[in-house]
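Student: Residue numbers (the numbering used here), protein chains in the order written: chain A, 1 to 429; chain B, 430 to 858; chain C, 859 to 1235; chain D, 1236 to 1612.
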Amino acid sequence: MSAVSTEGARVPEQLEDLESFRKRARSWIRSNLRRATRDEMRWGRFDGNEEAELAAVARDREIQRKLFDAGLAGICFPRAYGGQGLSPGHQKVLNEELVGYEYPARMQVPTLSPCATVLLEFGTEEQKLRHIPAILKGEELWMQFLSEPSGGSDVAGALTTAIRDGEQWVLNGSKVWTTGAWWSDWGLCLARTNWDVPKHRGLSVFMLPIHQSGVEVHRIEMINGSREFCQEFMTDVIVPDSDRVGEIDDGWTVGTRWMFHERMMYSSPYVSVPDGGSHGGTAATSLLNIARELGHMDDPSVRDLVGEARMLEIVGDELMKRVTESIRSGRLSDQAAAIGRLFKGTSASRISTLALEVAGSAGAAWTDESAASSTAVNFLMRQVGSIAGGTVEMARNVISERVLAMPRERTLDRDVPFRDVPRSRPTGS
Amino acid sequence: MSAVSTEGARVPEQLEDLESFRKRARSWIRSNLRRATRDEMRWGRFDGNEEAELAAVARDREIQRKLFDAGLAGICFPRAYGGQGLSPGHQKVLNEELVGYEYPARMQVPTLSPCATVLLEFGTEEQKLRHIPAILKGEELWMQFLSEPSGGSDVAGALTTAIRDGEQWVLNGSKVWTTGAWWSDWGLCLARTNWDVPKHRGLSVFMLPIHQSGVEVHRIEMINGSREFCQEFMTDVIVPDSDRVGEIDDGWTVGTRWMFHERMMYSSPYVSVPDGGSHGGTAATSLLNIARELGHMDDPSVRDLVGEARMLEIVGDELMKRVTESIRSGRLSDQAAAIGRLFKGTSASRISTLALEVAGSAGAAWTDESAASSTAVNFLMRQVGSIAGGTVEMARNVISERVLAMPRERTLDRDVPFRDVPRSRPTGS
Amino acid sequence: MLLALSSDQEFVRETTERFLVEQTPPNEVRRLQRDTAGFDADYWRRGAELGWTSFLVGEAHGGGTISGAGLVDLSLVAYEFGRHAAPGPLVSTNVVAGALSAHDAQTEVIADLLAGTGIATWCAPELRSFHGSWAPTVEIRHDRAEVVVLGKVSPVEAAGQAGHLLVTGRDGDGITQVLVPASTAGVSIAPLRTADLTRRFGAVTFDDVRLSQDAIVGAPGEASTDVDLQFHRTLAILNAEAVGAMQAAFDMTVEWAFDRYAFGRPLASYQALKHRFADMLTWVEASHAISDAACCAIDEGSPDAAELASAAKAFIGQYGAEVVQDCVQLHGGIGVTFEHNLHLFLRRFTVNRALAGTPAEHRQRIGAILDGWEAAA
Amino acid sequence: MLLALSSDQEFVRETTERFLVEQTPPNEVRRLQRDTAGFDADYWRRGAELGWTSFLVGEAHGGGTISGAGLVDLSLVAYEFGRHAAPGPLVSTNVVAGALSAHDAQTEVIADLLAGTGIATWCAPELRSFHGSWAPTVEIRHDRAEVVVLGKVSPVEAAGQAGHLLVTGRDGDGITQVLVPASTAGVSIAPLRTADLTRRFGAVTFDDVRLSQDAIVGAPGEASTDVDLQFHRTLAILNAEAVGAMQAAFDMTVEWAFDRYAFGRPLASYQALKHRFADMLTWVEASHAISDAACCAIDEGSPDAAELASAAKAFIGQYGAEVVQDCVQLHGGIGVTFEHNLHLFLRRFTVNRALAGTPAEHRQRIGAILDGWEAAA
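(1) Determine the chain C residues that contact Asp733 of chain B at a beta-carbon separation under 7 Å, and present them in chain order.
(2) Kindly list, in the order they appear in chain D, the residues whose Cβ is closer than 8 Å to that of Glu1130 of chain C.
(3) Could you run through the segment 1297-1321 of chain D and flag, in chain order, every residue whose CB is less than 8 Å away from some CB of chain A?
(4) Considering Cα atoms alone, identify which of C:Ile1148, C:Gly1027, C:Ala1020, C:Arg1057 is closest to Phe939 of chain C.
(5) Give a yes or no on whether the minimum CB-CB distance between Phe772 of chain B and chain C is below 7 Å.
(6) By the three-class DSSP mapping on this structure, what secondary structure does Gln144 of chain A have?
(7) Give the residues of chain B in contact with Thr1585 of chain D, contact being defined as C-beta atoms less than 9 Å apart.
(8) For Ala1350 of chain D and Ala794 of chain B, I'd like the C-alpha separation in whole angstroms.
(9) What is the rounded straight-line gap between the Cα of Thr37 of chain A and the Cα of Gly225 of chain A?
(10) Using a threshold of 7 Å, state whether the C-beta atoms of Ala284 of chain A and Val358 of chain A are closer than that.
(11) May I ask which residues mark the beginning and end of the beta strand (DSSP E) holding Leu1069 of chain C?
(12) For Glu1596 of chain D, count neighbouring Cβ atoms within 10 angstroms of its own Cβ and tell me buried if that reaches 16, exposed if not.
(13) For the alpha helix (DSSP H) containing Ala1529 of chain D, name the first residue and the last one.
(14) Which runs of the alpha helix (DSSP H) at least 4 residues long sit entirely within the segment 161-206 of chain A? Give them in chain order.
(15) Does DSSP put Thr874 of chain C in a helix, a strand or coil?
(16) Note down the Cα distance separating Thr1372 of chain D from Asp1539 of chain D, rounded to an integer number of angstroms.
(17) Flag this pair as yes or no: are the beta carbons of Gly251 of chain A and Leu288 of chain A separated by less than 7 Å?
(18) Select from D:Ser1522, D:Ala1450, D:Thr1251, D:Gln1412 the residue whose C-alpha is nearest the C-alpha of Thr1342 of chain D.
(19) Between the beta-carbon of Leu948 of chain C and the beta-carbon of Ala1094 of chain C, is there less than 7 Å?
(20) Over what stretch of residues does the alpha helix (DSSP H) that includes Gln231 of chain A continue unbroken?
(21) Given 8 Å as the limit, is there contact between the segment 1091-1107 of chain C and the segment 1145-1153 of chain C, that is, 3 or more CB pairs closer than that?
(22) For chain A, find out if any of its Cβ atoms is closer than 7 Å to the Cβ of Gly896 of chain C; answer yes or no.
(23) Would the beta-carbon of Pro1455 of chain D fall within 7 Å of that of Thr1403 of chain D?
(24) So Asp1461 of chain D is in the alpha helix (DSSP H); what residue range does that whole segment cover?
(25) For a test of the three-state rule: what should DSSP assign to Trp910 of chain C, helix, strand or coil?
(26) Can you find a C-beta in chain C that's less than 7 Å from the C-beta of Ile667 of chain B?
(27) What residues in the segment 1555-1582 of chain D have a beta carbon less than 9 Å from any beta carbon of chain B?
(28) Is the beta carbon of Arg494 of chain B sitting closer than 7 Å to the one on Gly567 of chain B?
(29) Ignoring anything shorter than 4 residues or poking outside the segment 964-1045 of chain C, list the alpha helix (DSSP H) runs there in chain order.
(30) Say whether chain D places a C-beta atom closer than 7 Å to the C-beta of Glu650 of chain B.
(31) By the criterion of Cβ-Cβ separation under 7 Å, what are the contact partners of Phe1173 of chain C in chain B?
(32) For the candidate residues C:Ala993, C:Gln1176, C:Ala1016, whose alpha-carbon lies nearest to that of Trp980 of chain C?
(33) Confirm the yes/no value for this check: CB of Val1563 of chain D, any heavy atom of the ligand FMN, distance under 6 Å.
(34) Return the residues of the segment 1466-1486 of chain D that lie within a Cβ-Cβ distance of less than 9 Å from chain A, sorted by chain order.
(35) Under 8 Å Cβ-Cβ, which residues of chain A neighbour Pro1426 of chain D?
(36) Checking contacts by CB at 7 Å: is Asp298 of chain A closer than that to chain B?
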């Protein structure tokens, strides 16, 4: 977190005292925000109702603006860019006070982190002044143009190409797994600017408006019916060189920090999310509700399942705190964020499986009213938490190689020009 | 199983009919063998009582001799070498009839398989005539001089060296994990005969008497107190060239089959073992006994644990049958024996853990009379089933590379002279 | 699936496979998501001609086995159903047809089921794992010449499509089964949602449903052994299908691992993934082994049929879920899109896992069986 | 272990570590296997001088905390005990000393415990996971001026070494605790076997043991909250030790993976093993996190202390076992020899896992707590 977090925390003047901040936040939240409904706690489930989703996005922008006006937006962002210049401790207080209230969920990840944090770290003064205040006011929703259909875990293997043309760049290619690109404004885009050097040395980062003629946004249907993810096809998209972030061909320096911020997810001090999290997955309490509806909480084997789910939640939360604190104090490197990511991914899978077990035959067929109504579909989607935002396999690589310093995996693409790297099974094999 | 098994099965004359064989075996067993005691069902636990162990070995030799005299030894070994020239089906019948009776447990693995089967496959006619009948009569107990202290899973990386000196060889080095070498007669030994070629191309196999001045046998104490395993130190051991098995420097051809037979373990048609197995590990019935003693079989969560153990046993047995049959029919290659090995190793670990869970605090401290008396110690030894006889990691390599034909793991020792292969952490790193 | 098929068995398996490849490719399965029944009547009738509904029916009623072991024969069809996530009420129709045939009951219904022109389903008891046995949720009473059925069963496969419902009920201290035409007064069916695209389920309520005595299948009060057999057959067919679904997902994923490159080399070259493939292959083979062993034991009426049937259901449900989900994981994001085919197998697998007892329920049943057996021995 | 230690805490931790490294190296631990008590009296007395027995005792009795949170301070010592598989009755003596001090009872005994010249142990109730709570196996009656103790407790740590036994018993509808001198008539102790080399356990029988009223610790019939605290403290100390043992095993194995070569390269370069190390590190860190969180919550008397204590015991017992056993696996054959040090940590871990409730029992307790809380909320 080094550079960015200290920039936020190390303001010269006296920081607002945590208790008075808490009082201010609490009183403002209670008089300005609605109590969260159960649906709002589990966003992203609009079952194809676009109007409802757009209304929710609009409400998020509105809340974000109110927070901004109240001095509660961008807690750890510098005041120069419209933030509050406060500490991660203040963010934590705000998160605690937000519990049970609506909050601008769609503004957080990826807009505030990793997108805005990457801008903060690598943007020019002009870029920061132009975009960060707009983001904090809810005027700009950002998406990561990072993953590619051909890429999988190999983010640095981006095939999207940017070719220089005077003071501008021409982008062509496809990006995927952007959440809600169809209602977002800007994309932070990793593109290849040089095919004749090894892959990490030929990338650059750009920003571009999503709603323009060269960008076609296609919504992807997931197996739970959700259409929150999108794929974008970029055809001759023109980006001025002033919208490049970081140095030419040095995009991997940006990308490394970008992915660090991505792994921090909701533990980042740059995002506001009610403490205890409302970020998807199946919660132990939902297992409890199923077991109760079936009248099975008296069965020790069912208590075991419910207890295991709860155990994993509790331990995961404590682990996140420990890892965050360890990175902050320097005990562990930034790369250790992968530890929390790995645990959350694997435990979410396990909890979905426990829920299916608790549900019994109600996991095979159900009514909408049943406590188990989303159990099987959650189970179908169980691996999402281990795939999205960097797979658990990549997390395991990072932990073993970057935290435990074990020898790096052999890659065949490190020392050769990117254009010569094998990208598919040879014909005939 | 190819070469060897068909050699055994394809005798020209009419094979004894299975039912009449069963009658003959049954009647002989009932009039000549004792019912097995519980201790005999779980051999290898003499708690340091050497006298009792030696007596058991003597009894095993005696039973083996009786079986030989009764025409019930070496069912699938050719008649030319003292065997019965019958089929794996006959061996299966014998195994079924042996259930509940004493049998020469120490004669089976590794004497009959892999040692005698390797001799059968690679030995000269003279070697076979000299040793196989003696083995089948119980006169020779054999051990595998295969693993080395430095070697771990890398069996072909043997450092034990054989240097030619006219018509004989001089062996120096150390072997480890031989079961009961101190009461055995012969060792089948893999040694390096050429350091100037890549490792698989410089090995040869020898046979040598264990009780001689150049061989020092050291017993290893395991964490359960058992001292069944030994380590041998060979100093200038002279082996005549006539006791070499297979070609010079072609020992890996022998070694590959050797390890195949090793992975077959008790599923080999060359060994006699009561059906259902008595080969170590914790059985589901022992979990049941613990649960009953504690009065917990009414608890569904305890039934779950006991049921899981039983499930793993049943599935493991059916899997072994399927894999054996698949190898026999050619659906899968010999290498698929690693599938059974992997399952048995991991399920044995799991069952030991289930037992510890069932035992509750009786797993922390116990009386000798308690049903849970061996639970914790079995748990301490839980990984043995995943280490001994080739680790599960090696099994996973074999399955992915040899059965699924996935790309081989990169080795740094394949194309360089063995003496140049890195064998330890470089100084200073 | 069985290791060694006779040529007749192989013929049926292969005919079924070819038919399914043609008739229900993945996009057809996706289309059927919006179909009320989840399958076309003509498809089912043609499948019946291939023998899909005949193996548990006696020759006297026009059925018959290929190998002498009807459930084993049927498991080959079920396996192909799983491998192609095929539509159609395979489990329910076969189980009911077999039950009727065993008692020479309702021969016209049997004929319809055999021909694929009729559909039937079983309103089965629930597995009460704690006692290691099943228990009906329906009560059957006798009121002079009439049989009265009361209660609710959920979920019931193909309840909305079936013309006849075989109902298992408590009858005093005994167990009685009756065949209820779906159109009988007092029968109501509420549709349920499910994870499978082509399977349909309903909750069936029997509100004072009255039938004549000849609706009873088998001896009144003495259907307990029949129900055991039906239960075990259900498990066996669900298992064979689940193994087919696992195999399909696994095969796709092996292929993918060779095709997909990351960091300049195929996924199949990464040891961490190779080791997971080794585990998966082991579990797939083990699932085949225990599924087949259970089929044989049930067909033979072997004393260990109950233990093997539950071991198969428990093992396949537990380890198979990890296999299929790891296939998703190895595919990455594309593996959770509706466009990709992988989820068709995941869906079939998931529903079968949840039906007729979960892995934990069957493990508990095995524990109970072991306890009983050991106590008796 | 805690992330941020104060310099005073670090001093105690480091002094303890240095003392253990000197006094109980692995061969000394092996030697103590054949020692009746499992530790030397002088060793324990010197450890007590370092503060091992003082953190749960009030200042009025000569104890005191370093940080204000005595259990947290003690957890640092327990962690080092685990990291060195150290001998000595750490759990039992501290829990009893803390209980006596809270009620200003038996100050002479406290003084002995503090000085390391006396040993005490707790004859604790059993965890009945189904109810999410503990239940005594001992009955306490009142017979005029006397208190009568009846029943059996097993296993009891250091039962054969302890001069005093704190006994928790049912007393009508309430819970009463009494401190019983081990020499009292009617107390008999049968030694038990265990997997740890230096821990000793016994089964303690109270056959009509009679004591005067002043043996009662706390208010008669009202010790329930005291017992909760003792139980949670026991869990916390066992957990901190277990985390230390895990960390020691893990560190040894990381080192081994760099040193050991197979096929020309270090084990640490194999991706399949690297991924397992990543899982292990994650579980080790998670174990530290939950162990520390539970210690703090118990010390603060936080309402979620019970849930965190059980989550820690359940998680560490379940995942820690896989970590330590995978360390054995990665060592190969040498990892299961008596000569290697790894088993010292495996032993300590295994015994702690089995004491005071297994992972399943604590998961069930968490389920029960959640059920109760949700019902109350």
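Beta carbons: idealized from backbone N, C-alpha and C, even for Gly.
Tutor: With the structure as the only source:
(1) What you label residue 733 of chain B is simply residue 304 of the second sequence in a count that begins at 1. Residues of chain C passing the Cβ test: Ala1218, Arg1221, Gln1222, Gly1225.
(2) Against the third sequence, residue 1130 of chain C aligns to sequence position 272. A quick correction: the sequence has Ala, not Glu, at residue 1130 of chain C. At a beta-carbon threshold of 8 Å, the residues of chain D lying near Ala1130 of chain C are Gln1506, Ala1507, Lys1509, His1510, ordered along the chain.
(3) Those would be none; no residue qualifies.
(4) Here residue 939 of chain C is taken as the residue at index 81 of the third sequence, counted from 1. Nearest option by C-alpha distance: C:Arg1057.
(5) For the purposes of this step, residue 772 of chain B is identified with residue 343 of the second sequence, where counting begins at 1. True, the Cβ-Cβ gap to chain C drops below 7 Å.
(6) Residue numbering aside, residue 144 of chain A sits at position 144 when the first sequence is read from its first letter. Secondary structure of Gln144 of chain A (DSSP, three-state): strand.
(7) Here residue 1585 of chain D refers to the residue found at position 350 of the fourth sequence. Ordered by position in chain B, the residues that pass the 9 Å Cβ test against Thr1585 of chain D are Leu785, Gly792, Ala793, Ala805, Phe808, Leu809.
(8) Translated into the one-based positions of the fourth sequence, residue 1350 of chain D becomes position 115. Translated into the one-based positions of the second sequence, residue 794 of chain B becomes position 365. Straight-line Cα distance between these residues: approximately 28 Å.
(9) Position 37 of the first sequence, counting from 1, holds the residue named residue 37 of chain A. Position 225 of the first sequence, counting from 1, holds the residue named residue 225 of chain A. Rounded to the nearest whole angstrom, the C-alpha separation of Thr37 of chain A and Gly225 of chain A is 22 Å.
(10) Here residue 284 of chain A refers to the residue found at position 284 of the first sequence. Here residue 358 of chain A refers to the residue found at position 358 of the first sequence. Contact: no.
(11) As a first step, residue 1069 of chain C is located in the third sequence; it is residue number 211 there, counting from the start. That run of the beta strand (DSSP E) goes 1059-1070.
(12) Looking up residue 1596 of chain D in the fourth sequence gives position 361. Under this definition Glu1596 of chain D is a buried residue.
(13) Taking the fourth sequence and counting its residues from 1, one reaches residue 1529 of chain D at position 294. Residues 1506-1535.
(14) Those alpha helix (DSSP H) runs which fall completely within the segment 161-206 of chain A and span 4+ residues do not exist here.
(15) Here residue 874 of chain C corresponds to residue number 16 of the third sequence, with the count starting at 1. When secondary structure is reduced to three states using DSSP, Thr874 of chain C falls in the helix class.
(16) Indexing the fourth sequence from 1 puts residue 1372 of chain D at position 137. Indexing the fourth sequence from 1 puts residue 1539 of chain D at position 304. Approximately 27 Å, taken between the alpha carbons.
(17) The sequence position of residue 251 of chain A within the first sequence is 251, counting from 1. The sequence position of residue 288 of chain A within the first sequence is 288, counting from 1. If you check the CB distance, Gly251 of chain A and Leu288 of chain A do not come in under 7 Å.
(18) Looking up residue 1342 of chain D in the fourth sequence gives position 107. Nearest C-alpha to Thr1342 of chain D: D:Ala1450.
(19) Here residue 948 of chain C is taken as the residue at index 90 of the third sequence, counted from 1. Here residue 1094 of chain C is taken as the residue at index 236 of the third sequence, counted from 1. Not in contact: Leu948 of chain C and Ala1094 of chain C (Cβ atoms no closer than 7 Å).
(20) For the purposes of this step, residue 231 of chain A is taken as residue 231 along the first sequence, with counting starting at 1. Element bounds for Gln231 of chain A: not the alpha helix (DSSP H) but the beta strand (DSSP E), 229-240.
(21) By the C-beta criterion, the segment 1091-1107 of chain C is judged to be in contact with the segment 1145-1153 of chain C, since at least 3 inter-stretch pairs fall below 8 Å.
(22) The residue you call residue 896 of chain C lines up with position 38 of the third sequence. It does not: the Cβ of Gly896 of chain C has no partner Cβ on chain A nearer than 7 Å.
(23) Indexing the fourth sequence from 1 puts residue 1455 of chain D at position 220. Indexing the fourth sequence from 1 puts residue 1403 of chain D at position 168. Annotated as distal: Pro1455 of chain D and Thr1403 of chain D, with beta-carbon spacing of 7 Å or more.
(24) The sequence position of residue 1461 of chain D within the fourth sequence is 226, counting from 1. Start and end: 1459-1494.
(25) By one-based count along the third sequence, residue 910 of chain C stands at place 52. Reduced to three states, the DSSP call for Trp910 of chain C is coil.
(26) For the purposes of this step, residue 667 of chain B is taken as the residue at position 238 of the second sequence. Closer than 7 Å: no.
(27) Going along the segment 1555-1582 of chain D in chain order, one finds Ala1556, Glu1557, Gln1560, Asp1561, Val1563, Gln1564, Leu1565, His1566, Gly1567, Gly1568, Ile1569, Gly1570, Val1571, Thr1572, Phe1573, Glu1574, His1575, Leu1577, His1578, Leu1581, Arg1582 with a Cβ nearer than 9 Å to chain B.
(28) Locating residue 494 of chain B in the second sequence gives position 65, counting from the first residue. Locating residue 567 of chain B in the second sequence gives position 138, counting from the first residue. Less than 7 Å separates the beta-carbon of Arg494 of chain B from that of Gly567 of chain B.
(29) The segment 964-1045 of chain C contains these whole alpha helix (DSSP H) runs: 965-973.
(30) Here residue 650 of chain B is taken as the residue at index 221 of the second sequence, counted from 1. Yes, contact with chain D.
(31) If you number the third sequence from 1, residue 1173 of chain C lands on position 315. Scanning chain B for C-beta atoms nearer than 7 Å to the C-beta of Phe1173 of chain C yields Met740, Val744, reported in chain order.
(32) Reading the third sequence from its first residue, position 122 is the one you call residue 980 of chain C. When only C-alpha atoms are compared, the closest one is C:Ala1016.
(33) With respect to small molecules bound, the structure shown includes none, and the ligand FMN cannot be examined in it.
(34) Residues of the segment 1466-1486 of chain D that bring their beta carbon within less than 9 Å of a beta carbon in chain A are absent altogether.
(35) Numbered from its first residue, the fourth sequence carries residue 1426 of chain D at position 191. Those do not exist, as Pro1426 of chain D stays about 32 Å from chain A at its closest Cβ, beyond 8 Å.
(36) Locating residue 298 of chain A in the first sequence gives position 298, where the first residue counts as 1. Under the 7 Å criterion on CB atoms, Asp298 of chain A is classed as non-interfacial with respect to chain B.
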